[in-house]
Every structure is written in C-alpha cells, then in structure tokens.
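To keep things clear, I will list the structure first and then write my remarks on it.
Structure (structure tokens):
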C-alpha cells in the first residue's frame, strides 16, 4: 500500500508571490532547506481550496501520476510581520497555522499542448480531472509542467467545487462534468476505458478513507454548516465513493466530447 502520509515543515522565509489573483500562492523556503509553492488558508476560498489540493494530490499519487511532494506547512504567528506589502502581510496573518506546500520544481517549464503525451498517462489525467471535477486544466491554464523531460501535475485547487455550496453532494457526485470538453489532454486521451478500469481498481474504499482522513481537523471548522469535522469527512468520502462507482457518467461525457 502506498504511504499517503505528509511531512510537516515550518516555513522560514517568504521568497516571492508567484502570480496575481485571489489565491496568491508563493515561493517559500522551509526548515528542511527545500523550497515549496505555498497555498495559504487565508487566501481565496481558504481551507476548501487546500482540501481540494490535498485530496486531488493524494488521489493523483495513488493513480501513479507525477505530482510534486505535498507537505503540511506551518506558519508561525510572527511570520511575515516584516513584509512590506500590506496585502501579503494580511494574507500571512490570516494564514497562521497549517497550510499546504508543493515541492518546488526548479527549472520546470509550462507544458506545451503540442507535445505528445503517452495515451494512457493522458487518459489517467483526464480521468482524474473528471473524477475530482477539476475545471482548471485547460489550454488557457494547463496546470502541467515539464520537468526533467517528464510531465508533472500541479494545482488541483479548483476541483471538488461541490463543497462551496455544501448541499446535495449526491447530485454533484453523479454529474457528467461538462467542463471535461475543455481539458487540454482530452484529444490525446485514447485509453479512457483502460484508465477507468485501472483507477477503480486502485481507489478502494480503504484508500479513499485514508485519503480523506488526512484532512486536518482545523481545516474543517466551517461557518457555513453545522456538520462536525467527522461528518464533513464522511461527506467527502461518500462523494468520492459515489463518483468512483458511477464513473461511467463522466467517462461517457469525455468520450462524447472527444467524438
């Protein structure tokens, strides 16, 4: 069985913001001397974006997809007080505690959609994004990098969008996910049935339980529901289980879009 555990690091140095936008990820250095792309709980959609990143990243790992190491990144209360940019200072202040980091792939370049990808790899990535309802791996924003001549996945934060309304997860779990038509690798995903069979064989109930169990409890103290942290985890598990068991819905949508 794959080791799904995450290391915990402490952020020592904020280096620079990586792009404009609501989430304001940043390059930072941790106490293990490695650099990480940090996703902050105080940004954009907050902890729900971190949960999407965590669950999507660990599901990617189980599927054997190349994704940078995920770590829990602790931000001390004093961190960022010397930051001159007020927006960044506020971001850091509201992100005290546990955040999420992805190992920084130094020297990586953005994926060029004209580059051919192994059909089974492309199909597994399309399957993943249909499964976790990731709306953000398109030609406009591939969220794929080339590093050491290999394709790497980054940024699953725009997935599992059902949790922003937190109502009727069963309906969302059965959705065909029409956004799959915009997927950057859809045209190369010629082995979707094989990817479906493989994914359903490795994403067992036990594995899904273990992945959902990784969500830190302090990421589950929400104002928009009366559900307890354990009840919230159960909804995530049931969403992922139901979607896996009815993967034909989004596979058919992808096949139709390809056709």
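Numbering (the UniProt record's numbering), first residue to last: 1 to 259.
Glycine included, C-beta positions come from ideal geometry on N, C-alpha and C.
Residue environment: residue 148 is assigned as exposed (fewer than 16 neighbouring CB atoms within 10 Å of its CB, all protein chains considered).
The Cβ-Cβ distance between residue 133 and residue 177 falls below 8 Å. Along the segment 25-72, the alpha helix (DSSP H) occurs as fully enclosed runs of 4 or more residues at 47-62, listed in sequence order. Residue 7 has 71 as its beta-bridge partners, per DSSP.
The beta-bridge partner set that DSSP reports for residue 14 consists of 28.
Within its own chain, the residues whose Cβ lies closer than 7 Å to the Cβ of residue 103, once the five positions on either side in sequence are excluded, are 34, 36, 68, 69, listed in chain order. Going by beta carbons, residue 124 and residue 65 fall inside the 8 Å limit. By the Cβ test, the segment 39-51 is in contact with the segment 217-230, since at least three Cβ pairs between them sit closer than 8 Å. Annotation: residue 202 to residue 208 spans about 10 Å, alpha carbon to alpha carbon. By the C-beta criterion, the segment 143-162 is judged not to be in contact with the segment 83-90, since fewer than 3 inter-stretch pairs fall below 8 Å.
With a 10 Å radius around the Cβ and a threshold of 16 neighbouring Cβ atoms, residue 259 comes out exposed. DSSP places residue 101 inside the beta strand (DSSP E), whose first and last residues are 97-103.
No Cβ-Cβ contact shorter than 8 Å links residue 58 with residue 105.
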